[in-house]
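**Q**
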Amino acid sequence: MSGKGGGDTGVFSDLTIVAFSWAMVGPLTLKFFADFGATVIRVETQRRPCVTRTSAPFKDGLPGLNRSGYFNHFSANMLSMSVDMSHPHGIELARELVAHADVVMENFTPGVMDKWGLGYDALRAIKPDIIMARQNGFGVEGPYRNLAAFGMILAAIAGIPNFIGWPDRGPLPAGVSAYTDCISPRFMAAAVIAALEYRDRTGEGQLLDLAQFETAISFFLPGVLDYAVNGREPVRGGNTCEHAAPHNVYPCKGVERWCTVAALDDRQWRTLCAVIGNPECADDPRFDTLLHRKENEAALDALVAQWTRTLDPDEVMERLQAAGVPAGAVQGAADLLADPQLAHRRLFWPLEHGEMGLFTHLGASIDMSLTPPRATMPSPCLGEHNEYVLTRILGKTDDEFIELLASGVLE
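Using the numbering used here, the first residue of the sequence shown is number 10, and each one after it goes up by one.
1. Report buried or exposed for Q277, applying the criterion of at least 16 other Cβ atoms within 10 angstroms of its Cβ.
2. Using the C-alpha atoms, what's the distance from F41 back to P359?
3. Answer with buried or exposed for L367, where buried requires no fewer than 16 other C-beta atoms within 10 angstroms of its C-beta.
4. To the nearest angstrom, how far is the alpha carbon of P58 from that of H394?
5. Which residue from V34, I411, L419 and F410 puts its Cα closest to that of A220?
6. Per DSSP, which one or two residues make a beta bridge with F368?
7. What is the DSSP secondary structure of C282, counted as helix, strand or coil?
8. Which residue comes first and which comes last in the beta strand (DSSP E) that contains G337?
9. Name the two residues that bound the continuous beta strand (DSSP E) containing F159.
10. Determine the DSSP secondary structure at V113, reduced to helix, strand or coil.
11. When you compare each of G179, T54 and Y188 to R245 by their alpha carbons, which one comes out closest?
12. Would you tell me roughly how many angstroms separate the C-alpha atoms of A32 and V398, rounded to the nearest one?
13. How long is the line joining the alpha carbons of T249 and F228, rounded to whole angstroms?
14. Would you call the CB atoms of A28 and L37 closer than 7 Å?
15. How many Å lie between L309 and H370 at the Cα?
16. Along the chain, where does the beta strand (DSSP E) containing S89 start, and where does it finish?
17. How long is the line joining the alpha carbons of A347 and M377, rounded to whole angstroms?
18. Measuring CA to CA, which of F67, P294 and S22 is closest to N86?
19. From D323 to D344, what distance separates their C-alpha atoms?
20. If you pair each beta-carbon of the region 278-294 with each one of the region 348-358, do three or more pairs fall below 8 Å?
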């Protein structure tokens with residue numbers, strides 16, 4: 010079922026996904042498929058637009074449903090169809106879309122899809138081999154199912170803030186979207202691919218119920234196991250690591266310029282000493298073993314910082330990496346757009362947007378030699394592809410499309 014989405018030559022060019030998505034977790038999941046050729050139809054409505062469409066920053070500082078950098082950065086290669094699900098014809102159109110889909114994705118609060126008559130059993134009655142991918146905050150079952158599920162709440166309940174911050178201070182928030190919006194899509198993409206492979210072998214669809222909350226917990230399982238086995242609660246360590254020293258973020262030349270530096274073993278420590286011009290520090294009794302370096306970590310950090318302050322962060326990084334010592338310049342948004350590694354990997358796609366003009370979209374983080382990701386289409390204006398979806402995919406006539414347009418369902 011190839012179409013207008015990611016192109017006709019990608020590895021997923023015969024895949025059609027209909028998405029009832031909200032916020033970031035939906036688009037970030039869909040990107041895995043849209044960038045490699047899938048036809049991704051995102052069902053939206055201007056009556057209740059996605060929160061990312063109404064979130065700053067806006068292109069040129071002018072607010073608008075089609076001008077949010079937050080929404081548009083993540084939404085290349087996707088189609089937007091506007092459907093008012095409260096309209097008498099809304100559910101009917103949604104069911105027609107399902108009949109043409111391989112996968113239906115949703116990440117609303119549990120109960121929304123069922124209220125519309127679009128739960129898994131209903132979808133399966135329309136298309137027996139459909140794959141339904143549900144990516145709710147806490148899953149569709151269990152005592153937390155109806156709790157609010159924004160990323161910062163999911164991260165807090167999962168316990169992520171307890172790992173972020175300084176030992177003598179309280180936990181720090183994980184940010185607006187937090188880990189769940191970025192972690193969960195990787196799990197769901199893998200699950201959908203597995204379900205597609207299963208369908209191709211057996212002819213059977215599947216219901217995938219993935220809780221964003223649970224995917225977040227998997228990223229700090231060592232702390233969970235430490236408590237389960239040893240009864241020991243994790244302690245916030247700032248930028249330190251109990252298995253490495255030095256291990257910190259160090260000031261560099263310039264205003265608020267920093268570079269991360271780590272020595273994971275004695276060899277890297279000796280190399281670091283040579284690079285910073287203090288080879289004798291390698292045998293200093295305060296620093297000659299990992300245990301001694303951890304005991305004298307404040308003095309160790311001061312020693313490294315004395316050198317890093319004299320250099321640009323990129324120079325610190327390049328000198329240490331060339332010698333085999335882990336280091337990375339701390340980058341802001343401008344640094345990322347100018348980063349030669351990211352440019353080589355084509356991580357950013359400048360595309361001509363229908364309302365904003367030239368706009369930088371997020372590219373694919375994965376490349377494939379035979380079926381590379383393609384920047385075939387900019388992020389969509391809301392409802393931009395109504396006519397295309399209705400006439401080219403659902404097979405409506407022009408008169409039928411005009412009739413639906415006049416009915417008000419396409420809002």
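Each residue gets a CB set at the ideal place from its N, CA and C atoms; glycine is no exception.
**A** The short version:
1. buried
2. 18 Å
3. exposed
4. 16 Å
5. V34
6. L360
7. helix
8. A336 to A338
9. No beta strand (DSSP E) contains F159, which DSSP labels as neither H nor E.
10. strand
11. G179
12. 22 Å
13. 18 Å
14. no
15. 42 Å
16. L88 to S91
17. 23 Å
18. S22
19. 10 Å
20. no
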